[in-house]
Every structure is written in C-alpha cells, then in structure tokens.
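Protein chains: 2
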Amino acid sequence: MIDTSQAIGLGSNATMKFCSSCASTVTLRIPAGDNRPRFVCDSCHTIHYQNPNIVAGCIAEWEDRILLCKRAIEPRYGLWTLPAGFMENGETAPEAALRETYEEARARVQLNSLFTLFNLPHINQVYLIFRARLLDLEFGPGDESLAVELYEESAIPWEKMAFPAIMETLKLYFADRAEGHFGTHIGDIERQQGEPRRYRIRMLDNPAAIRNLSTPDSSP
Amino acid sequence: MIDTSQAIGLGSNATMKFCSSCASTVTLRIPAGDNRPRFVCDSCHTIHYQNPNIVAGCIAEWEDRILLCKRAIEPRYGLWTLPAGFMENGETAPEAALRETYEEARARVQLNSLFTLFNLPHINQVYLIFRARLLDLEFGPGDESLAVELYEESAIPWEKMAFPAIMETLKLYFADRAEGHFGTHIGDIERQQGEPRRYRIRMLDNPAAIRNLSTPDSSP
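Chains as they are written, first to last, in our numbering: chain V, 1 to 220; chain F, 1001 to 1220.
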C-alpha cells in the first residue's frame, strides 16, 4: 500500500501543525542540545522527529527475464517499475520486499542478496532492492498495477520507467549479469532543480564519477 | 543526536493521540483499501503512517584495530558500541554514518562498502553499518560518549557491548577478516520474550541457521 504523500516525499508529518501527544501548537525550532530544526510542542515540549523511509523491493528473475509492474496509481501512473513499496513497522526489509512483490505482482519469490541501496535525500527515502528468484509463473497485477510482465533485457521499456532508482538498479543489474558476477551497489540519487526531472547519480565505490539521468515523465 | 524514545523503539508517534494536521482525536483503525491499523484523524481523515527508522554507522579501521565508543547516554549507558545513530531527513546513509562518527567519536573516516544490514522489527529499526578507514588518530569522545578507543580483536569488550546488532556486526567482521574477504551481510535480529534480553538471529543467506544471542545488560 503506497501513500502518495509519502511517495512524493512529503511524509505524513512534514507539515505538522499540532502536537500528536497533547494537541497544542508546535514550532519548528532547534531543541537544546540538538543541531537541526524539529517540530517541538509549545506546551508539553515533545520533540517530533522525522526520519527517512525505506522502500523495499526486488528484481524477480525467471530464466533471462525479470518481472516489471505497470503502475495503476500516482505518482507515475502508467509507467513501469519493479515491485517495491514502503517498509512497514514490525517487518524486516526482506519481508517488505516479499510482501510488496505479492501485493503488486501477485508473485512468489525467494530472495537472494541485496543488490542496490539508493539514497534519495531530496525525498527522504532509501531504496533497498534485492535479487530474487521467481518461484512460478502464477503472477498478475495486484490492485496497484495495470499489468505485470516478464521482460528480457532487450525489451525493457527504458523510456517508460517510473523511477530513477529503479532505472539505475536495472542498468547495474544487466551490467553485472554480463560480467557474470552480482555485487551490492550503494549510491545516491539527487534531484536537480527544474523541469523536466533530472538527477545526479554518484556511487559510493566511485564517488568522483558523477552521472546524470533524466526520467521520461515530468508529472509530480 | 539520539532520541531515547526512538532508541528504545517507541518512535515519536507511537502513542499518537491527536492529529498533527488539525488537532482532532485520532483512532487506530484499518483505512479503506489498506490492510493494517493506522492512526486516522476522526475529523480531517488524514492517515498518519509510521515507518521504520535507519541507524547508520561504521567500523572505523586503523591498522588491525577498530574504533569503539563508550556510551554517555541511555539506553545502555556505560556500554560499548560502534559510532552510529539515526539517519536524518535530507541526508544519505553514508552521510549519516560520517556525521555520527564525527559527533560521537570526533573521528574522520573514509567510507568503504556496506558491511551489515540488520533488521530489528521489534523496535522498527534497520541498522546499516559500513566499513571505513580512519584518516588520522585525532579522535575523542563527543557529547554522547564517555570514551573512544581503538581495540584489537583480542581486547574487544564482548561482555560490555551495548547492542546486539553491533555485536553481530563485529563477529562477522572478524570472521571475514580472518578469511581475507569482506562481504555484505543481511540479517534479522528479533528480541525474544522476557528478561534478561535474548535475541534470535537469522541471516538472509542461510535462513535455516538460527542462532541465539544475549546482551550483557538488562536495563531498558
């Protein structure tokens, strides 16, 4: 289940006006002993921390093809992505990846290692994408997908991909597959100013090599 | 900066009573189209999602020794840990690890690859610990540390370690170092019922091999 306000990075509390403990007003200020602004209650002085969210998902493999989902929800309605979504309280990242893969693609997989960790500081998200083995061909669109299909590399709809972290993950995946060895890749994706959307990508193992990426759609 | 209520897993909103948008009461219920309980506003119907937090830190290496911090704050006051803390909005996980390493140990490091990802679903946390190279010996205790010291393997104070995810990370680190190859290890640590604190550990690459771990202290 994806909340659109989270998906576009606002977070549920980003515009906090009132204290969730006592209903008094809050003020954005730097608490004593801290070094960054927080929403602090004017009455009970509770500090309301806000932290990044994890998006967990997988590359589900079947022979030389992988599973993509066509989004039935905003943002990026109608564009393609890997099955992935927000990790919930009380679950592990692998459990979140399995759950999202079933919810969005009705697919059962066995998870392999972590393949990419992408930081998206402009929307306070961390993507964790695992490699996975599709267990059977009984998959299909869940409520949040218009279609779910297996794609071989040459057929990937690069011009219709929804999210930069997923595009980068797939590029790294096919590059590693060609070399016969899958690593764990850590990188940052930062949105640049203006429209259409452009991103700057930097990998932890080679921070000097900054690349640029555009996504096909400029919808919110 | 560590908030104790987060460190013990309550989260700032775990006991939410009022809507942070309109100050009306909230009810814990399953929203339409969702499948798990959320705090939902009785008046404006805002859904207040709560998600796991990331703790980022590093194993800072200097020759055959690594940097440990003795905690000057609760929980686990006086026990030892790696420099690590909550990732903030607007930063990347590597930036969070660098910042926490400076805040807690006044140490400057160059980050290497991701070494462990531990899920702690009972407290809604994901630990991301990187390997890192200490750049010089000008380190010392920050506000949240009583002491910061370099330890060789034989001197690690295993009986005085603060957190199970850090103990497991160090065990894996020394095992990998002995084999001459560092991997990226993904695992779950789940707290068992009762006191003293006991944990069950399961690694993604060998889920059948479940181990048990106790931590030395049973303070909150």
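No residue lacks a Cβ here, since even glycine has one placed at the ideal position from N, Cα and C.
These numbers come from a predicted model, not from an experiment.
Using a C-beta to C-beta distance shorter than 8 Å, which residues of chain V count as neighbours of F/Asp-1188? Your numbering for residue 1188 of chain F matches position 188 in the second sequence. Chain V residues near F/Asp-1188: Thr-92 and Pro-94.
Whole angstroms are fine: how far does the CA of V/Ala-105 sit from the CA of V/Ala-147? Residue 147 of chain V sits at position 147 when you count from the first residue of the first sequence. Residue 105 of chain V sits at position 105 when you count from the first residue of the first sequence. In a straight line, the C-alpha of V/Ala-147 is about 8 Å away from that of V/Ala-105.
Burial state of F/Ser-1012, where buried means 16 or more other Cβ atoms lie within 10 Å: Numbered from 1 along the second sequence, position 12 holds the residue referred to as residue 1012 of chain F. Unreliable positioning characterises F/Ser-1012 in this predicted model, as indicated by a pLDDT of 40, which lies under 50. The coordinate reading is nonetheless provided below. In summary, F/Ser-1012 is buried, with 16 or more beta-carbon neighbours lying within 10 Å of its beta-carbon over all protein chains present.
Give me whichever residues DSSP pairs with F/Arg-1202 in a beta bridge. As a first step, residue 1202 of chain F must be located in the second sequence, where it is residue number 202. DSSP lists F/Asp-1188 as the beta-bridge partner residues of F/Arg-1202.
Consult DSSP for V/Ala-32 and reduce its assignment to one of helix, strand or coil. The residue you call residue 32 of chain V lines up with position 32 of the first sequence. In this structure, V/Ala-32 counts as coil in the three-state DSSP scheme.
Looking only at its chain, what residues have a beta carbon closer than 6 Å to the beta carbon of V/Glu-138, apart from the 5 residues adjacent to it on each side? Numbered from 1 along the first sequence, position 138 holds the residue referred to as residue 138 of chain V. There are no such residues.
For F/Ile-1030, which residues from the same chain have a beta carbon less than 8 Å from its beta carbon, with the 5 sequence-adjacent residues on both sides left out? Numbered from 1 along the second sequence, position 30 holds the residue referred to as residue 1030 of chain F. Only Arg-1036, Pro-1037 and Arg-1038 meet the Cβ criterion.
Pull up the distance between the alpha-carbon of V/Pro-108 and that of V/Leu-120, whole angstroms please. For this step, residue 108 of chain V is matched to residue 108 along the first sequence. For this step, residue 120 of chain V is matched to residue 120 along the first sequence. It should be pointed out that residue 108 of chain V corresponds to Arg in this sequence rather than to Pro. Taken atom to atom, the span from the alpha-carbon of V/Arg-108 to that of V/Leu-120 is near 28 Å.
Can you check which of these residues, V/Cys-41, V/Ile-47 and V/Thr-25, is closest to V/Gly-33 by C-alpha distance? To locate residue 33 of chain V, count along the first sequence from 1; it is residue 33. Of V/Cys-41, V/Ile-47 and V/Thr-25, the residue nearest in Cα terms is V/Ile-47.
Ends of the alpha helix (DSSP H) at F/Leu-1117? Counting from one through the second sequence, the residue named residue 1117 of chain F turns up at place 117. Per DSSP, F/Leu-1117 belongs to no alpha helix (DSSP H); it is in the beta strand (DSSP E), 1109–1120.
Quick check on this structure: which residue in F/Arg-1131, F/Gln-1193, F/Leu-1079 and F/Pro-1216 has the alpha carbon closest to the alpha carbon of F/Thr-1101? Along the second sequence, read from residue 1 onward, the residue named residue 1101 of chain F stands at position 101. Taking the Cα of F/Thr-1101 as reference, the smallest distance to any Cα among F/Arg-1131, F/Gln-1193, F/Leu-1079 and F/Pro-1216 is reached at F/Arg-1131.
Give the interface partners of F/Gln-1271 over in chain V, defined as CB-CB distance under 7 Å, in chain order. Residue coverage of chain F in this structure runs from 1001 to 1220, which leaves residue 1271 of chain F outside it and unanswerable.
Per-residue DSSP class, three states only, for F/Met-1167: As a first step, residue 1167 of chain F is located in the second sequence; it is residue number 167 there, counting from the start. Reduced to three states, the DSSP call for F/Met-1167 is helix.
Just tell me which of F/Met-1016, F/Val-1026 and F/Leu-1067 has its CA closest to the CA of F/Leu-1150. For the purposes of this step, residue 1150 of chain F is taken as residue 150 along the second sequence, with counting starting at 1. The shortest C-alpha separation from F/Leu-1150 is found at F/Leu-1067.
Chain V beta carbons: is any one of them nearer than 9 Å to that of F/Phe-1182? Translated into positions along the second sequence, residue 1182 of chain F becomes position 182. Cβ-Cβ to chain V under 9 Å: no for F/Phe-1182.
Out of V/Leu-135, V/His-45, V/Leu-117 and V/Gly-180, state which residue places its alpha-carbon closest to the alpha-carbon of F/Thr-1092. Position 92 of the second sequence, counted from the start, is the residue given in the question as residue 1092 of chain F. Of the candidates V/Leu-135, V/His-45, V/Leu-117 and V/Gly-180, the residue whose Cα lies closest to the Cα of F/Thr-1092 is V/Leu-117.
Per DSSP, what are the beta-bridge partners of F/Ala-1132 in this structure? One-based indexing of the second sequence puts residue 1132 of chain F at position 132. Per DSSP, F/Ala-1060 and F/Leu-1111.
Give a yes or no on whether the minimum CB-CB distance between F/Pro-1052 and chain V is below 9 Å. Stepping through the second sequence from its first residue, residue 1052 of chain F is reached at position 52. Taking Cβ atoms only, chain V reaches closer than 9 Å to F/Pro-1052, which makes this a yes.
Kindly indicate the opening and closing residues of the alpha helix (DSSP H) around F/Ala-1096. Taking the first residue of the second sequence as 1, we reach residue 1096 of chain F at position 96. That run of the alpha helix (DSSP H) goes 1093–1105.
Using a Cβ cut-off of 7 Å, pull out every chain F residue sitting near V/Phe-163, in sequence order please. What you label residue 163 of chain V is simply residue 163 of the first sequence in a count that begins at 1. Here the premise fails: no neighbours, minimum Cβ distance about 17 Å.
Specify the secondary structure class of V/Glu-74 as computed by DSSP and reduced to three states. Against the first sequence, residue 74 of chain V aligns to sequence position 74. Coil, per DSSP.
For V/Gly-85, count neighbouring C-beta atoms within 10 Å of its own C-beta (all shown protein chains included) and say buried if the count is 16 or more, exposed if not. As a working mapping, residue 85 of chain V is identified with position 85 in the first sequence. That one is buried.
Using a Cβ-Cβ distance under 9 Å, would F/Thr-1015 count as near chain V? Indexing the second sequence from 1 puts residue 1015 of chain F at position 15. Taking Cβ atoms only, chain V reaches closer than 9 Å to F/Thr-1015, which makes this a yes.
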